[in-house]
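Structure first, commentary second.
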Amino acid sequence: EAGVVQSPRYKIIEKKQPVAFWCNPISGHNTLYWYLQNLGQGPELLIRYENEEAVDDSQLPKDRFSAERLKGVDSTLKIQPAELGDSAVYLCASSLQLTEEQFFGPGTRLTVL
Amino acid sequence: QKEVEQDPGPLSVPEGAIVSLNCTYSNSAFQYFMWYRQYSRKGPELLMYTYSSGNKEDGRFTAQVDKSSKYISLFIRDSQPSDSATYLCAMSKGGSGTYKYIFGTGTRLKVLA
C-alpha cells in the first residue's frame with residue numbers, strides 16, 4: 242500500500258514569491274492534515290479536512306496561507322507571498338476518519354531566502 | 207505554558223541500555239496518548255498509542271500513562287543504534303468539532319554502538 246505522497250520534497254524561493262505544496266493521502270483516508278514543523282519542534286496543525294470540508298483551520302494564517310482539497314482526495318497548500326519566517330517543513334498526514342493513528346508523508350522542506 | 211511538555215534532549219545511551227522518554231501535560235481532558243518516531247528528513251511514524259491510564263507493550267517498547275500525575279512515558283528495552291531518532295509524544299481530546307491533537311517538541315535519542 243502506498244503511503245502519503247508529498248511534492249516537492251524541497252523548495253527554495255525568494256521572499257514575496259508564491260509557493261504551493263501538494264499531498265496525495267492514503268487511499269480511503271477521508272481525514273487529511275497539514276502540519277508545520279520548525280527545527281527542533283513538534284508538528285503544529287495548520288488545517289484539518291474531513292472529506293472536502295475544512296473542519297479546523299483555526300491555526301492557518303489566512304492572510305497568506307490557503308488550502309484546498311478538491312473531491313476529498315488530493316490537497317494543495319499555498320503560501321502567497323512567502324516570508325522568511327515561513328522556512329520550515331510542511332507535513333501532510335492522513336487517517337481513516339478521526340483516529341489516533343495518523344500517517345505522515347515525508348514533508349516538503351521550504352527555504353525562503 | 208505549553209499544553210504538552212517534552213525534554214528536547216539530546217539523550218545519548220550505549221547500545222543495550224533501557225531508555226526512558228517522558229512527557230507531561232496540563233489538560234486533564236486528553237484521553238489518547240501516542241508516541242511517534244521520526245528519523246532525520248522523514249515524517250513521524252506512529253509507534254503505539256494508549257487510551258486513558260495504564261501500560262501497553264509492543265516488543266521492546268512499553269508505553270505508560272499516569273493520568274493522575276499527567277505524565278506519560280515510553281520505555282525502550284535493549285536499545286539499538288537503529289533506534290536513534292527523535293521521539294514525539296502526542297495526545298488527543300474532544301470530538302469532531304472540538305478535536306485537538308497536540309504534539310510535544312520531541313526528544314532526540316542517540317544510541318551508541
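Order-wise, the sequence lines are chains A and B. So the first sequence is numbered by the working numbering: it starts at 242 and just counts up by one. So the second sequence is numbered by the working numbering: it starts at 207 and just counts up by one. All C-beta atoms, glycine included, are put in the ideal place defined by N, C-alpha and C.
Residues bridged to residue i (per DSSP)
i, result
"asparagine 265 of chain A", "A:Val246"
"tyrosine 278 of chain A", "Checking the sequence, you will find glutamine at residue 278 of chain A rather than tyrosine. The partner list for glutamine 278 of chain A (beta bridge, DSSP) reads A:Val330."
"leucine 311 of chain A", "For leucine 311 of chain A, which the question treats as bridged, DSSP gives no partner whatsoever."
"serine 298 of chain B", "B:Tyr238 and B:Tyr307"
"threonine 317 of chain A", "A:Trp263 and A:Glu309"
"aspartate 297 of chain A", "A:Arg289"
"leucine 280 of chain B", "B:Leu227 and B:Ala269"
"serine 218 of chain B", "B:Lys316"
"leucine 416 of chain A", "This structure does not reach residue 416 of chain A, given that chain A is present from 242 up to 354, and the question cannot be answered."
Three-state class that DSSP yields for residue i in the structure shown
i, result
"glycine 326 of chain A", "helix"
"aspartate 272 of chain B", "strand"
"aspartate 264 of chain B", "strand"
"serine 288 of chain B", "helix"
"tyrosine 251 of chain A", "strand"
"threonine 311 of chain B", "coil"
"tyrosine 242 of chain B", "strand"
"isoleucine 224 of chain B", "coil"
"threonine 340 of chain A", "coil"
"glutamine 212 of chain B", "strand"
"arginine 350 of chain A", "strand"
"lysine 257 of chain A", "coil"
"serine 335 of chain A", "strand"
"serine 259 of chain B", "coil"
Residue i, buried or exposed, once every other Cβ within 10 Å from all chains shown has been counted against 16
i, result
"aspartate 264 of chain B", "exposed"
"proline 216 of chain B", "exposed"
"arginine 250 of chain A", "exposed"
"threonine 313 of chain B", "buried"
"glycine 260 of chain B", "exposed"
"leucine 280 of chain A", "exposed"
"alanine 319 of chain B", "exposed"
"proline 287 of chain B", "exposed"
"glutamine 338 of chain A", "exposed"
"serine 299 of chain A", "exposed"
"alanine 334 of chain A", "buried"
Closer than 8 Å: residue i CB and nearest the ligand ATP heavy atom
i, result
"valine 271 of chain B", "Here there are no bound small molecules, and the ligand ATP is not part of this structure."
### Message
For the structure I just gave you, are there three or more beta carbon pairs, one from the region 247-260 of chain A and one from the region 268-284 of chain A, closer than 8 Å?
### Response
no
### Query
Do the region 276-286 of chain B and the region 232-247 of chain B make contact, defined as three or more Cβ pairs closer than 8 Å?
yes
### Query
Three or more C-beta pairs closer than 8 Å, one from the region 255-269 of chain B and one from the region 277-296 of chain B: is that the case here?
yes
### Query
When the Cβ atoms of the region 235-251 of chain B are set against those of the region 286-299 of chain B, are three or more pairs found closer than 8 Å?
yes
### Query
Would you call the region 243-256 of chain B and the region 340-352 of chain A in contact, with 3 or more CB pairs under 8 Å?
yes
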